[in-house]
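Just below is one structure, and these are the notes that go with it.
Chains as they are written, first to last, in full-length UniProt numbering: chain A, 1 to 329; chain B, 1 to 329.
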């Protein structure tokens, strides 16, 4: 939950007056999202989301993120669309921060993940990957192998405070990932953070994707690995093979996966686990006492990493219906 | 900012199905309010506020609060109106907590208080006090002298951690308040927590009052004293006599104040300062590390108390235009 910047009514009224949205009816900080300040803004024209970008979002990346949302919306992907002011600009400034108004997306993110959610997620993710094929802007993934090593360097000295042996686990795993990381897989723009709180459903139907502020260029199937970690483990740490099978099957119906992509999945899942383990570890070690945002548990991703380390082949996940998953629920 | 309870989409859909509100379109936790969990709930019928009452709000008080809002709304006071389900009941249960849906109130609370806000506040407060005259439910004020002494007892040993000498200041002040607290003033239901974040404006116009969860029976003019403390001091601690004059003058146009009420104001202001100083001190000393809610600064109210302690008579506030206020801005 996060509202970092307090916006005065006067500043807000002046800001909204730059748009064709009528007058402000209401504006309430939303207790969701951890990177930026988000407000549910109601004007005479209806509800919108107002986002103020805080320091973790780099200003120079914003044209990429906003351009991506415009591109996806134009391709029929349900996602927030940046609203342009009367001057044609969507990106402006409010309270000294870059700020944007985007369209309101109906739906709620699922608190309890059902298999059917994972099936719909797979379809939406594959459609996203097809839709970005002709998006021409690029943004390298700062949170791939090089970025992980940098984060590890910043956390190594204190990693064992969080779990005994974590430093050594990470060091060994980073070396293994470097040796086994795939090359030459189909690439494009990935969402890179498609956790359940970024996917909205209305009733049973997926109604949209939000929060494109980690989107970057990488292997498309790496996005699948991120979703497997984020959607297919139960709270008790067990791997739900049914959910993973549904996610994969529905993805492959829209965008077939090559043998090379499938074979890479275990290493991509390990890499994705390390990526979130490291960013959470960094936040855990560096979050100021009394901060609004409760840091997420890094050990959740250590447990996921350990699961993937036990995988001997694709059959251990879900691709062979006859092979039971070693930690399946 | 506060969302304490996470509501699953399944629980929410089942809850909303008990009303004639159509289906849930969206539900987002609001980063406002410190006592309860508040959500901006959008259904097919439009926006509503969903409140889950957390442990600081006593279940047995809820019929009083909800009855008061219904009474006020029926009298034309702009405030949230509890929405009844198909069974006629407004108060139900969600996630093991008492829960209610209330109507959505347009407007925003003023981040920067202008004199004109105080003028409108005075009018609205007086109208509120007239509107409750025939409200028959009662709720004693648990946060009056007896409650302050109890809170002091819980905080005394550690008060000096927050400000040297605070323990003695409080002990002396409580004795003085006990000796000088007025009796026999006109009484009724007061809001008792009408801070700026509980008063909405649309543009220049006051559009409604919210958060009646401290409402209780007490001297009506004590509500005025609470508002003077909450609205008429600047961030630097100075007393803004213009704002106080406007608040009082507009209040008196709607509900005249007797001489006895006016003369009591300095002691009521001291008492109100002590009330918020003590509750904030208690929260400061007892808030769990890492809690979502940043405790409010108790010393803001120590400074207000010190100002009121210097007042020699009504003229020091605002009632005599020729007497400059000792700390006026």
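Just so you know, even glycine gets a beta-carbon here, dropped at the ideal spot from N, CA and C. Computed from a predicted model, the values in this text were never measured in an experiment.
From residue 296/A to residue 229/A, what distance separates their C-alpha atoms?
About 15 Å.
Can you tell me where the alpha helix (DSSP H) with residue 393/B in it begins and where it stops?
Nothing about residue 393/B can be reported from this structure: the residues present for chain B run from 1 to 329 only.
Strictly under 8 Å for the Cβ-Cβ distance: is residue 29/A near chain B by that measure?
For residue 29/A, the answer is yes, since a Cβ of chain B falls inside 8 Å of its Cβ.
Anyone know if the C-beta pair for residue 80/A and residue 105/A falls short of 8 Å?
Cβ distance < 8 Å, so residue 80/A and residue 105/A count as in contact.
Under DSSP, the beta strand (DSSP E) around residue 70/B begins and ends at which residues?
Unbroken run through residue 70/B is the alpha helix (DSSP H), 62-74; no beta strand (DSSP E).
Between the Cα of residue 158/A and the Cα atoms of 11/A, 7/A, 284/A, which residue gives the shortest distance?
Checked all of 11/A, 7/A, 284/A; the closest Cα to residue 158/A is 284/A.
Among 254/A, 216/A, 231/A, whose alpha-carbon lies nearest the alpha-carbon of residue 300/A?
The shortest C-alpha separation from residue 300/A is found at 231/A.
Does the distance from the C-beta atom of residue 5/B to that of residue 37/B stay below 8 Å?
Taking 8 Å as the Cβ cut-off, residue 5/B and residue 37/B qualify as a contacting pair.
Just to confirm, are residue 86/B and residue 152/B a CB contact at a threshold of 8 Å?
Result no, Cβ atoms of residue 86/B and residue 152/B do not sit closer than 8 Å.
Compare the C-alpha of residue 195/B against each of 215/B, 182/B, 14/B and name the closest.
Among 215/B, 182/B, 14/B, the Cα nearest to that of residue 195/B is on 215/B.
Just to confirm, is the Cβ distance from residue 68/B to residue 189/B under 8 Å?
Result yes, Cβ atoms of residue 68/B and residue 189/B sit closer than 8 Å.
Using only the alpha-carbon positions, how far apart do residue 312/A and residue 161/B sit?
Each residue's Cα considered, the two are about 59 Å apart.
Take residue 74/B as the anchor and find which of 35/B, 127/B, 174/B has the nearest alpha-carbon.
Among 35/B, 127/B, 174/B, the Cα nearest to that of residue 74/B belongs to 127/B.
Flag this pair as yes or no: are the beta carbons of residue 222/A and residue 65/A separated by less than 8 Å?
Against a cut-off of 8 Å, the Cβ pair of residue 65/A and residue 222/A comes out as no contact.
Could you tell me whether the Cβ of residue 316/A comes closer than 8 Å to any Cβ of chain B?
No, residue 316/A lies away from the interface with chain B (no Cβ there is under 8 Å from its Cβ).
What does residue 219/B pair with, by DSSP beta-bridge criteria?
Answer by DSSP bridge pairing, in chain order: 187/B.
If you count every other CB in all the chains shown that lies within 10 Å of the CB of residue 253/B, and 16 or more means buried, which is it?
Answer is exposed; the Cβ neighbour count stays below 16.
Can you name, in chain order, every residue of its own chain whose Cβ lies under 7 Å from the Cβ of residue 303/B, other than the five neighbours on each side?
Result list for residue 303/B: 237, in chain order.
Which same chain residues, not among the five before or five after residue 123/A, have their C-beta less than 8 Å away from its C-beta?
Result list for residue 123/A: 206, 250, 251, 253, 254, in chain order.
Going along the segment 93-115 of chain A in order, which residues come within less than 7 Å of chain B, judged by CB to CB distance?
Answer in chain order: 106, 107, 108, 110, 111, 112.
Which residues mark the beginning and the end of the alpha helix (DSSP H) in which residue 38/A is found?
Note, residue 38/A: premise wrong, no alpha helix (DSSP H); beta strand (DSSP E) at 37-43.
Distance cutoff 8 Å, beta carbons only. Does residue 32/A sit that close to anything in chain B?
With 8 Å as the cut-off, residue 32/A counts as an interface residue toward chain B.
Does DSSP classify residue 118/B as helix, strand or coil?
In this structure, residue 118/B counts as helix in the three-state DSSP scheme.
The beta strand (DSSP E) spanning residue 200/B covers which residue range?
Taken as a continuous stretch (DSSP letters only), the beta strand (DSSP E) holding residue 200/B covers 199-202.
Output the distance between the C-alpha atoms of residue 99/A and residue 227/B, rounded to the nearest integer angstrom.
Going from the Cα of residue 99/A to the Cα of residue 227/B covers about 34 Å.
Between which two residues does the alpha helix (DSSP H) containing residue 102/B stretch?
Not the alpha helix (DSSP H): residue 102/B falls in the beta strand (DSSP E), residues 97-103.
Hey, is residue 310/A's beta-carbon within less than 8 Å of any beta-carbon in chain B?
Cβ-Cβ to chain B under 8 Å: no for residue 310/A.
Determine the closest residue to residue 112/B out of 234/B, 265/B, 120/B, with distance taken between C-alpha atoms.
Taking only the C-alpha atoms, the option nearest residue 112/B is 234/B.
Once the 5 residues before and after residue 48/A are set aside, which same chain residues still bring their CB inside 6 Å of it?
Only 41, 101, 104 meet the Cβ criterion.
Leaving out five residues before and five after residue 202/B in sequence, what residues of the same chain have Cβ atoms less than 7 Å from its Cβ?
The residues are 106, 107.
Give the range of the beta strand (DSSP E) segment to which residue 310/B is assigned.
Counting along the chain, residue 310/B falls outside any beta strand (DSSP E), and DSSP gives it neither H nor E.
Taking residue 24/B as part of the beta strand (DSSP E), name the residues at either end of that continuous run.
From DSSP, the beta strand (DSSP E) with residue 24/B extends over 24-29.
Check the Cβ-Cβ distances between residue 162/B and every residue of chain E, and say whether any is below 8 Å.
Structure shown: chain E not included; protein chains present are A and B.
Let me know if residue 317/B comes out buried or exposed under the rule of 16 or more other beta-carbons within 10 Å of its beta-carbon.
Residue 317/B is buried by the Cβ-count criterion.
Any beta carbon of chain A sitting closer than 8 Å to that of residue 9/B?
Cβ-Cβ to chain A under 8 Å: yes for residue 9/B.
Looking at the strands, I want to know which residues DSSP matches up with residue 49/A.
Paired residues: 40/A, 102/A.
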